[in-house]
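Going down the list, the protein sequences come from chains R and B.
Take 784 as the starting number for the first sequence in the numbering used here and just add one per residue.
Take 210 as the starting number for the second sequence in the numbering used here and just add one per residue.
The structure appears below as structure tokens.
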Amino acid sequence: MTLQLSVRSIVKRYGGVVALRDGNLDIQSGEVISLIGANGSGKSTLSKIITGVVAPNGGQLLLNGHPVHFSNPQAARGRGITAVYQELSLVPDMTVAENIWLAHEPLHLNFRVNRKAMRKNTEDLIALFGGTISERLQPDTLVTALPPDERQIVEILKALSIDPQLLILDEATASLDSSQVNRLFSLIKQWQAAGKAIIFITHRMDEIFRIADKATVLRNGQSVGTVDIASTSEREIVNMMIESAATPDDIKIPVVSEDAPVRLAVQNLGGGRVEDVSFTLRDGELLGLGGLHGQGQEDLLLALFGAIPYTGSVKVSGKEVHYRHPRDAMNDDIAFVPGDRGREGLLLVRSIIENFQLPSWHKYGALHNRDAAQRDARAMADDLQLVYAGMETPVNSLSGGNAQKVVLGKWLLRQPKLLLLDDPTKGVDVGTKGEFYALLKRLTEAGTAILFYSSDDDELLGLCNRVLVLQDGRVRDTLTGERLTHSELVAASMGATNNHEVA
Amino acid sequence: MKSLNLQRVFARNTYLISFILLVIVLGINYIVQNNVFELRVLNNNLRTLLPLILLAVGQSIVVIGGGLDLSVGTLVSMLSALLVTWVTPDSTPDQILLAVVLVCAAGMLAGLVNGLVVAYLRLQPMITTYATSFIFSGIALLLLPRPGGSIPRDLSTFYRSPLLDIPLAFYAIALLLLFWSVLRTTRYAQYLYATGSSGAAAYATGVPVRVVRVTTYVWSGLFAALASLTLMLSTGGASQANIGDDMTLDSIVAVVLGGTRLSGGQGGIAGAIIGVMILRVIRNVIFFAAVPTWSQTLVNALIIIAALAGPGLIRLIRRSIGR
Chain R
784 MTLQLSVRSI VKRYGGVVAL RDGNLDIQSG EVISLIGANG SGKSTLSKII TGVVAPNGGQ
844 LLLNGHPVHF SNPQAARGRG ITAVYQELSL VPDMTVAENI WLAHEPLHLN FRVNRKAMRK
904 NTEDLIALFG GTISERLQPD TLVTALPPDE RQIVEILKAL SIDPQLLILD EATASLDSSQ
964 VNRLFSLIKQ WQAAGKAIIF ITHRMDEIFR IADKATVLRN GQSVGTVDIA STSEREIVNM
1024 MIESAATPDD IKIPVVSEDA PVRLAVQNLG GGRVEDVSFT LRDGELLGLG GLHGQGQEDL
1084 LLALFGAIPY TGSVKVSGKE VHYRHPRDAM NDDIAFVPGD RGREGLLLVR SIIENFQLPS
1144 WHKYGALHNR DAAQRDARAM ADDLQLVYAG METPVNSLSG GNAQKVVLGK WLLRQPKLLL
1204 LDDPTKGVDV GTKGEFYALL KRLTEAGTAI LFYSSDDDEL LGLCNRVLVL QDGRVRDTLT
1264 GERLTHSELV AASMGATNNH EVA
Chain B
210 MKSLNLQRVF ARNTYLISFI LLVIVLGINY IVQNNVFELR VLNNNLRTLL PLILLAVGQS
270 IVVIGGGLDL SVGTLVSMLS ALLVTWVTPD STPDQILLAV VLVCAAGMLA GLVNGLVVAY
330 LRLQPMITTY ATSFIFSGIA LLLLPRPGGS IPRDLSTFYR SPLLDIPLAF YAIALLLLFW
390 SVLRTTRYAQ YLYATGSSGA AAYATGVPVR VVRVTTYVWS GLFAALASLT LMLSTGGASQ
450 ANIGDDMTLD SIVAVVLGGT RLSGGQGGIA GAIIGVMILR VIRNVIFFAA VPTWSQTLVN
510 ALIIIAALAG PGLIRLIRRS IGR
């Protein structure tokens, strides 16, 4: 049975945000196509539409020439289409076998689950990865007892268990080690020879060249073209991924002088997704953290704030520290603005003033000095150009940009010397972004050291004089001066090897 | 390997710890009340326990599926009122059978309403079932404004007498466990646990999550009907409009005492049955240990809290030792 799938002009909106404006893709049996694009380009959305997990707002799917509409994942699975998802779709409290065969368990007399057959079939599937996995991975092991790489393998086996005609691997290699990746690739070659179609989403450039026949590139929710891997180069793909017209912002923060005091010195830091990261940050410097989502940037900031355990050496103002709790970091004048402001940054139903004062209550005495607190909060609100009805308004009535100002303001009230920012302009309107950049400039001029992770490449390139690009938790490249360009940043975040060649 | 298996045994049979707890409290009970294992006493205890056991079984199915049913108690009140308005001491067997079928159908219908609102309108289970609980208690009051009702004497005598020297409730419990062990082998059970453990993952795998959610409340409604039938058998049909209202919280506490986690996806009905027994035995012990009447409620509450906190305390201690 051969399969031919065409994705035509797919549109998907989440509320007011357009995730896909014009998604196109063609694939047929025996092909391996790599789907690539920068952060938020719509790769995952497109794959979810193909597998029926989300419904598109417009466009068409053509299966063997006929329009199809998958209203749920079951419908797509019925036609032999399934995916290995990036955020895992396993049920933690069930065993490996139960997870793999969930919703298509082998049955006795159409009624009782045939556990024997289920175990046997699971063993056969596990054998595909034999030699690259631990003894732990057995049909009867609970998924919650498995480490991330083996969960990922269970996820792959689960997709395989329906014997798919089209298999989507959405960053399935991200948590696998190299022997597991090699095994997966040789399996992909076998499946390809057996006539399966495979869509392979990855953030590793070398994998694209190892496994794919073609690459389809997405940019800002739009497919910009498909190239034959045999006749292309990493540089050509990188150029397709970036927007040629993008211009960096004109607010450039001046290069910090070589003799400014070192605020933060990090040696061989590891923890969470971070491995072996070293760098220094001087007073008055804005150091950028770049790369694709989830490459360890957030964990690096959390580790420095004492919120997750870490190894390695961290020196703050020359003093060796080992934080065990955010309070330790706060005592050393460090502040952290988290990425998920709704969950970690704000008390949404409480008032602006309460949010502002939360990290600094003690400053106003045991018997709360309300007047002083009000005065400071108002000054900070004016300083940040916060638009608000009154100090007592709950924060959830503010717009995204204004809410973010409150998060920032509550930490600035403590007058931090080192500011850790986790994607602070996410979901913030353009006008507020501009104010925000000016604020960063003022802060650095006042001598604040800032470590700034952003998923917006323009921002990093426009503001920073030095950008650390992370991939798989390691610093893949450090961009400065001439090399602060889009193509260098994208190439480094994809782990491209020919960084220094000019296209 | 070995330790992994043991871990799995405990993770799967969450009632094991509860079972140990039950043995301990039964031992204490034996010390303060020597005749607890005599047939007559055992039969009396189990007979009055069966309604709550049935209710807790229904509750645990809802909880495993990731929900919570706060309406089961008033549903028992409503269904009991319904039963005694249909059945009189002079009813023929046919009439009684019809009434039983109708009560079961009414219970399932009530559960269906709960389930549809929770699964399709996506209201919080707690809010939904709290709200419907007032509907049920309102109907109960309309049906039975004054306490009353009675059923044929033969029925209550039958329910009271042991069969082959074994309390009737034992047969009922055996049937429940048989029902569960069969259900546990079906695909439906896989869906139930998957839905309760991680609804999103189950959905992405093609499990009809909403349908499964609805069915859990229908089960709970059916078991509330069975609970009200046994309750009427044990009271001889004497009912009142709020007869079951207090059973809701007991059913939830029993589920938790039985080792089923309130967040769903784990546990089983054996735990709920054990949980009900633990609750009852604790009350027994307090009664026979000559705790002053006015302190009994307080002591009872303290013991239950200690039992509920047990697993969490063990985990805390284990962590502080550093595993």
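Glycine included, every Cβ here is placed at the ideal spot set by N, Cα and C.
For this session: Please state if the CB of alanine 398/B and the CB of glycine 874/R are separated by a distance shorter than 8 Å.
Result: Residue numbering aside, residue 874/R sits at position 91 when the first sequence is read from its first letter. Residue numbering aside, residue 398/B sits at position 189 when the second sequence is read from its first letter. One detail in the question is off: residue 874/R reads as valine in this sequence, not glycine. No.
For this session: Ignore the nearest five residues each way along the sequence and tell me which others in alanine 433/B's own chain have a CB closer than 7 Å to its CB.
Result: Against the second sequence, residue 433/B aligns to sequence position 224. Hits under 7 Å: Leu264, Gly267, Val281, Leu284, Val285, Leu288 and Gly316.
Problem set entry | Closer than 8 Å to chain C by CB, threonine 414/B | Looking for chain C here will not work: the only protein chains present are R and B.
Problem set entry | Own chain residues within Cβ distance below 7 Å of leucine 230/B, not counting five before or after | Looking up residue 230/B in the second sequence gives position 21. Only Ile487 and Ala516 meet the Cβ criterion.
For this session: Mark glutamine 1198/R as exposed unless 16 or more other C-beta atoms lie within 10 angstroms of its C-beta, in which case mark it buried.
Result: Here residue 1198/R refers to the residue found at position 415 when the first sequence is read from its first residue. Glutamine 1198/R should be labelled exposed.
Exercise. Just reading off the beta strand (DSSP E) that proline 850/R is part of, what are its end residues?
Worked result: The count along the first sequence starts at 1 and reaches residue 850/R at position 67. Segment 849 to 851, the beta strand (DSSP E) holding proline 850/R.
Problem set entry | Amino acids of chain B, ordered along the chain, whose beta-carbon sits closer than 9 Å to that of aspartate 1123/R | The residue labelled residue 1123/R in the question sits at position 340 within the first sequence. Result: empty, since nearest Cβ-Cβ is about 18 Å, beyond 9 Å.
Problem set entry | alanine 1029/R classed as buried or exposed, judged by whether at least 16 other C-beta atoms fall within 10 angstroms | Along the first sequence, one-based indexing puts residue 1029/R at 246. Note on alanine 1029/R: pLDDT 41, under 50, position unreliable in the model; no value is reported.
Problem set entry | CA-to-CA distance, tryptophan 428/B to serine 359/B, given in whole angstroms | As a position in the second sequence, residue 359/B is number 150, starting the count at 1. As a position in the second sequence, residue 428/B is number 219, starting the count at 1. So the alpha carbons of these two residues sit roughly 27 Å apart.
For this session: Assign isoleucine 864/R to one of three DSSP states: helix, strand, or coil.
Result: The sequence position of residue 864/R within the first sequence is 81, counting from 1. Isoleucine 864/R falls in the strand class under three-state DSSP.
For this session: Please list the residues of the stretch 875 to 895 of chain R that have a C-beta atom closer than 7 Å to any C-beta atom in chain B, keeping them in chain order.
Result: Pro875, Asp876, Met877, Glu881, Leu885, Ala886, Glu888, Leu890, Phe894 and Arg895
Exercise. Any heavy atom of the ligand ZN closer than 7 Å to the CB of leucine 263/B?
Worked result: In terms of ligand content, the structure shown is empty, and the ligand ZN therefore cannot be addressed.
Exercise. In terms of residue numbering, what span does the alpha helix (DSSP H) encompassing lysine 795/R cover?
Worked result: Looking up residue 795/R in the first sequence gives position 12. No alpha helix (DSSP H) contains lysine 795/R, which is instead part of the beta strand (DSSP E) from 787 to 797.
Exercise. From this set, Gln1078/R, Asp1115/R, Val1045/R and Gly1073/R, which residue's C-alpha is nearest arginine 1056/R's C-alpha?
Worked result: The sequence position of residue 1056/R within the first sequence is 273, counting from 1. For the residues Gln1078/R, Asp1115/R, Val1045/R and Gly1073/R, the minimum Cα distance to arginine 1056/R belongs to Gln1078/R.
For this session: Examine chain B for any beta-carbon lying closer than 8 Å to the beta-carbon of serine 944/R, and answer yes or no.
Result: Along the first sequence, read from residue 1 onward, the residue named residue 944/R stands at position 161. Not an interface residue.
Exercise. Can you name the residues that DSSP bridges to threonine 439/B?
Worked result: On the second sequence, position 230 is the one that residue 439/B refers to. Threonine 439/B is not bridged to any residue.
For this session: Return helix, strand or coil for isoleucine 819/R, following the three-state DSSP convention.
Result: Looking up residue 819/R in the first sequence gives position 36. Three-state result, isoleucine 819/R: strand.
For this session: Go ahead and pull the three-state DSSP assignment for threonine 1030/R.
Result: Sequence index remark: in the first sequence, residue 1030/R carries index 247 (1-based). Low per-residue confidence applies at threonine 1030/R: pLDDT is 42, beneath 50, and the placement is therefore not dependable enough to give any value.
For this session: Taking leucine 1202/R as the reference, give the member of Pro856/R, Val1120/R and Arg898/R with the closest Cα.
Result: Position 419 of the first sequence holds residue 1202/R. Nearest option by C-alpha distance: Val1120/R.
Exercise. For asparagine 493/B, does the three-state DSSP call read helix, strand or coil?
Worked result: Here the question's residue 493/B lines up with position 284 in the second sequence. Reduced to three states, the DSSP call for asparagine 493/B is helix.
Exercise. Can you tell me whether DSSP reads leucine 1272/R as helix, strand or coil?
Worked result: The residue labelled residue 1272/R in the question sits at position 489 within the first sequence. Helix at leucine 1272/R.
For this session: Provide the residue(s) that pair with proline 1177/R in DSSP beta bridges, ordered along the chain.
Result: Position 394 of the first sequence, counted from the first residue, corresponds to residue 1177/R. Paired residue(s): Ser1134/R.
Exercise. Mind checking if glycine 519/B is an interface residue toward chain R, Cβ cutoff 8 Å exclusive?
Worked result: Residue numbering aside, residue 519/B sits at position 310 when the second sequence is read from its first letter. No, because no Cβ of chain R sits closer than 8 Å to the Cβ of glycine 519/B.
Exercise. Does tyrosine 746/R get closer than 8 Å to chain B when you measure Cβ to Cβ?
Worked result: Since the displayed chain R opens at 784 and closes at 1286, residue 746/R lies outside it and no answer follows.
Exercise. Per DSSP, what kind of secondary structure is threonine 1015/R in: helix, strand or coil?
Worked result: Here the question's residue 1015/R lines up with position 232 in the first sequence. The answer is coil: DSSP assigns threonine 1015/R none of H, G, I, E or B.
Exercise. Where are the beta strand (DSSP E) runs, 3 residues long or more, that stay fully inside the stretch 1162 to 1245 of chain R, in chain order?
Worked result: 1201 to 1205 and 1232 to 1236
Problem set entry | Beta-carbon proximity list for serine 944/R, same chain, < 8 Å, skipping 5 on both sides | For this step, residue 944/R is matched to residue 161 along the first sequence. Here the set comprises Ile883, Trp884, His887, Asn904 and Leu908.
For this session: Output, in chain order, the set of chain B residues within a Cβ distance shorter than 8 Å of proline 856/R.
Result: Counting from 1 along the first sequence, the entry for residue 856/R is found at position 73. Residues of chain B passing the Cβ test: Tyr412, Ala413, Thr414 and Gly415.
For this session: Below 6 Å CB to CB, which residues in the same chain sit around leucine 1272/R once its five sequence neighbours on both sides are set aside?
Result: For this step, residue 1272/R is matched to residue 489 along the first sequence. So the qualifying residues of the chain are Gly1073 and Asp1240.
Problem set entry | With 16 other Cβ atoms within 10 Å as the buried cut-off, status of leucine 318/B | Position 109 of the second sequence holds residue 318/B. Exposed, since its Cβ has fewer than 16 Cβ neighbours within 10 Å.
Exercise. Would you call the stretch 798 to 807 of chain R and the stretch 979 to 986 of chain R touching, i.e. three or more CB-CB distances under 8 Å?
Worked result: no
Problem set entry | 8 Å contact criterion, which leucine 466/B and serine 227/B should meet: CB distance rounded | If you number the second sequence from 1, residue 466/B lands on position 257. If you number the second sequence from 1, residue 227/B lands on position 18. Rounded, the Cβ-Cβ distance is 6 Å, consistent with contact.
For this session: Using the Cα positions of lysine 826/R and leucine 786/R, report the straight-line distance between them to the nearest angstrom.
Result: For the purposes of this step, residue 826/R is identified with residue 43 of the first sequence, where counting begins at 1. For the purposes of this step, residue 786/R is identified with residue 3 of the first sequence, where counting begins at 1. So the two alpha carbons sit approximately 21 Å from each other.
Exercise. Would glycine 1008/R be called buried (16 or more neighbouring beta carbons within 10 Å of its own) or exposed?
Worked result: Within the first sequence, residue 1008/R is the residue found at index 225, counting from 1. Exposed: under 16 other Cβ atoms inside 10 Å.
Exercise. Taking the continuous beta strand (DSSP E) assigned at alanine 802/R, which residues delimit it?
Worked result: For the purposes of this step, residue 802/R is taken as residue 19 along the first sequence, with counting starting at 1. Run containing alanine 802/R: 800 to 811, per the beta strand (DSSP E) assignment.
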